[in-house]
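Chemist: My numbering numbers the first residue of the sequence shown as -14 and each following residue consecutively.
Glycine included, each C-beta is placed from N, C-alpha and C at the ideal position.
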Amino acid sequence: MSQVPVLTARGLTKRYGRVTALNSCDFDLYPGEILAVIGDNGAGKSTLIKAISGAVIPDEGTIELDGKQVLFRSPIEAREAGIETVYQNLALSPALSIADNMF
């Protein structure tokens, strides 16, 4: 049985002037899979997540959700399609649970 990715990116690129923040990124996310995005500072991790979640619009490349090409122009559009981002925040309370900190 072959699985089809629920989320796919091909050739995602984002530039800020002369700086290329994301350079031709490809990935597939399959049903039930947890995909980790790791890398050095400045590798483009945050830019990739922002492109997927509609916080930035890629200069090049495509994103497909459930086999249909999408271009989110805002985080609200991504949220309506089922994509949400929890950003890193260093101002957490060790006295609260993970769920309470997210809330």
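Sort out for me which residues DSSP pairs I48 with in a bridge.
Modeler: According to DSSP, which records beta bridges pairwise, I48 is partnered with A(-6) and V55.
Chemist: Between the segment -14 to -3 and the segment 7 to 19, do three or more beta carbon pairs fall short of 8 Å?
Modeler: yes
Chemist: Three-state secondary structure (DSSP) at D13?
Modeler: strand
Chemist: May I have the straight-line CA-CA distance separating K(-1) from N74, to the nearest angstrom?
Modeler: 24 Å
Chemist: In whole angstroms, give me the CA-to-CA distance for K53 and I37.
Modeler: 14 Å
Chemist: In angstroms with no decimal places, state the Cα-to-Cα distance between L50 and V71.
Modeler: 19 Å
Chemist: By the three-class DSSP mapping on this structure, what secondary structure does T32 have?
Modeler: In this structure, T32 counts as helix in the three-state DSSP scheme.
Chemist: For G2, count the other beta carbons within 10 Å of its own beta carbon; 16 or more makes it buried, fewer makes it exposed. Which is it?
Modeler: exposed
Chemist: Tell me the DSSP secondary structure of A6 in three-state form.
Modeler: A6 falls in the strand class under three-state DSSP.
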